[in-house]
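In the numbering used here, the protein residues as written are 31 to 202.
Note that the Cβ used here is the ideal one computed from N, Cα and C, for glycine as well.
As the structure is a computational prediction, the values presented were derived from the model and not from experiment.
Heads up, the thing below is written out as C-alpha cells.
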Amino acid sequence: MLLPVAIFAGFAAMAGWALLRDDPDSLPSAIAGREAPAVSATTLPGATQLTDAMLREPGVKLVNFWASWCPPCRAEHPTLTALSAELPVYGIDLKDPEANAAAFLAEHGDPFRALATDPRGRVAIDWGVTAPPETFIIDGQGKILYRFAGPLVGDDYRQRFLPELEKARAVE
31 MLLPVAIFAG FAAMAGWALL RDDPDSLPSA IAGREAPAVS ATTLPGATQL TDAMLREPGV
91 KLVNFWASWC PPCRAEHPTL TALSAELPVY GIDLKDPEAN AAAFLAEHGD PFRALATDPR
151 GRVAIDWGVT APPETFIIDG QGKILYRFAG PLVGDDYRQR FLPELEKARA VE
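See the structure below:
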C-alpha cells in the first residue's frame, strides 16, 4: 500500500529537481571543459580540411555540426554567416551526401573557414552530438567551453548562446 505513494514521491522529487535547475531546457554536455575530440580527415571537394591543430590555434572559435537535409540548420545558416565575420567558424557536415552538402553551400554561401565530413556519424558520437545543429564554443587551447544544442536563432540564441560567447571572448 505504501509502494505507490513512495513511487509517486520519487517522481515528484525528480520533477521538482528538474524545475529548479539553472536552465531546465539545456542539454548538459559531458565533454564541456575537456579538450575537443578529434575530427575526421575528410572534407568536401574544394573545401579546406578542418584539422585538430586548427581547434588549438589561439582565440575563440566555433565548431558547428550541420547537414543540408536539416531544416533547423538551414534556419541558422544566416547567423553562422554573420558570426564568421567575427571569429573562425568551423563546420562538420553530418551524415550528408557530399553532393547535397556542396550544393547547399554553393547556393547559400559557405561560412566555414574549414570543414570536415562525418558520413557515418562517428565524430558526432565522440563530441556528444544528439542531433544537428549543435554548436560548440572552443577556446585557444582547444578546450570545449560550451555546447549549444539547436539552431542559433531567436531568443534562445540571444539569451543562452551569445552570453556564453561573450564570456569566452572576455577570457581570451
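Query, Result
"8 angstroms contact criterion, which T147 and D123 should meet: CB distance rounded", "5 angstroms"
"Beta-carbon proximity of V90 to L80, cut-off 7 angstroms", "no"
"Cβ pair count under 8 angstroms reaching 3, the stretch 129-148 against the stretch 163-175", "no"
"Residue span of the alpha helix (DSSP H) that contains R152, given as start and end", "152-157"
"Span separating the alpha-carbon of G76 from that of I61", "31 angstroms"
"Selected residue, minimal CA-CA separation from A71, among R64, A83, G63", "A83"
"According to DSSP, residues forming a beta bridge with F142", "Paired residue(s): none; F142 is not in a bridge."
"Residue nearest to L113 in terms of C-alpha spacing, selected from L92, P149, L85", "L92"
"Among K173, F191, L195, the one whose alpha carbon lies nearest that of P88", "K173"
"Helix, strand or coil at G184 [DSSP, three-state]", "helix"
"Per DSSP, the bridge partner or partners of T147", "D123"
"T165 (DSSP reduced to helix, strand or coil)", "strand"
"Spatial distance of R152 from R199 (CA atoms)", "30 angstroms"
"Option nearest E106 by Cα separation, candidates E196, P67, L117, G184", "G184"
"R190 in three-state terms, based on DSSP", "helix"
"Whole-Å CB distance - D169 paired with P67, under 8 angstroms assumed", "Wrong, their Cβ atoms sit about 15 angstroms apart, outside the cutoff."
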